[in-house]
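In the working numbering, the protein residues as written are 203 to 537.
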């Protein structure tokens, strides 16, 4: 660790190198972190300290932080304790999908099926992840009409940037940068930004209707529709439970809206419905519309090219009194 402490205004810099390890005097490990206390003899006054750190002694090896600036106010006859946490110098930036509707890699390019986050990871020369109170990542679109990437992360998820694709089939070049000064970014081996390709392609979803609580007495598992994204491996990307009551059939229109036939009266009592959900799907998705008029024992759903919805209401075919019916809803969901 190299210190350069200069009095404000003018004066000769105090320069000092300190070689530290977890076993050095004044160092201790607390909650998995190494904390070191250093002592300097400095006359009272105002100073500006500039600090560089390295992964080897005597300014050797890789630089892992650079140009950390710290104003100091030294008061006579006091123990002037100055807490300091060092940031890191990025030597690599990796970008990976943050949701199942994004596939691919940073080097080969991503295929994006809808609005979803990308996860960014900055590492120093030794492969240590650089973390802090909101790593200063910033996204931008280099090229690609209709594409968008968040210019700054959400405070609740500082390692994520939301991406929104353009029209289906469109391509884009995106850039993610980490906010370091030009002098730091010019250092050998330092990586302050990456660019990568992305292509918009609608995701092919698989929807699985699960009748759990309604169909299995004593079950605490709610009725749901599980959503899987291609290539349909692993866990579902979403489990939708809001508005479900014995889901028996699903259909999807050209805009990606999901229609679910809920036959509540097929198992006891309740209101039969067709619930409608809009993408992007998540486990917190709620119906954007609930159809009840003309819905009784809904068994199957179908859509035509105009977006009209057809609901087969199963009476005689399902051993109920009355004739089977088909209710048609227009693409605007009016019957």
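Just so it is clear, CB atoms sit at the ideal spot from N, CA and C, and this is done for glycine as well.
Comparing alpha-carbon positions, the option among 360, 344 and 350 lying closest to residue 323 turns out to be 360. Close CB contacts of residue 217 within its chain, under the 6 Å cut and outside five residues either way in sequence, are with 206 (chain order).
Secondary structure note for residue 387: its alpha helix (DSSP H) is the uninterrupted segment 384-387.
Distance from the CA of residue 228 to the CA of residue 240, rounded to the nearest whole angstrom, comes to 7 Å. Apart from sequence neighbours up to five positions away, the residues of its chain that approach residue 261 with a beta-carbon distance below 6 Å are 204, ordered along the chain.
Rounded to whole angstroms, residue 400 and residue 222 show a C-alpha spacing of 44 Å.
Here the segment 251-269 does not lie against the segment 338-355, with fewer than 3 beta-carbon pairs under 8 Å apart. Three or more beta-carbon pairs drawn from the segment 274-293 and the segment 391-405 are found closer than 8 Å, and the two stretches are therefore classed as touching. Per DSSP, the continuous beta strand (DSSP E) segment holding residue 501 begins and ends at 500-505.
DSSP places residue 221 outside any beta strand (DSSP E), giving it a letter other than H or E. Taking 7 Å as the cut-off, the Cβ atoms of residue 462 and residue 473 do not count as close. Between residue 416 and residue 469, the gap from beta carbon to beta carbon is short of 7 Å. Residue range 395-402 is occupied by the beta strand (DSSP E) that includes residue 401.
CA-to-CA, the gap between residue 304 and residue 431 works out to about 10 Å.
Three or more beta-carbon pairs separated by less than 8 Å link the segment 365-379 to the segment 340-349, which places the two stretches in contact. The secondary-structure analysis by DSSP pairs residue 449 across a beta bridge with 464. Counting C-beta pairs with one atom in each stretch, the segment 369-378 and the segment 277-286 have fewer than three that are closer than 8 Å, which means they do not touch. Cα atoms of residue 363 and residue 332: separation of roughly 16 Å, rounded to the nearest angstrom.
With respect to the 7 Å criterion, residue 487 and residue 442 are classified as neighbours on the basis of their beta carbons. Residues 504, 528 and 530 of the same chain have their beta carbon placed closer than 6 Å to that of residue 512, with the five preceding and five following residues left out of the count. Across the set 479, 475, 383 and 384, the C-alpha of 479 shows the shortest separation from the C-alpha of residue 428. Per DSSP, the unbroken beta strand (DSSP E) holding residue 247 starts and ends at 247-258. Secondary-structure assignment with DSSP links residue 479 through a beta bridge to 460. If you draw a straight line from the Cα of residue 436 to the Cα of residue 458, it is about 22 Å long. Looking at the DSSP output, residue 407 bridges to 431.
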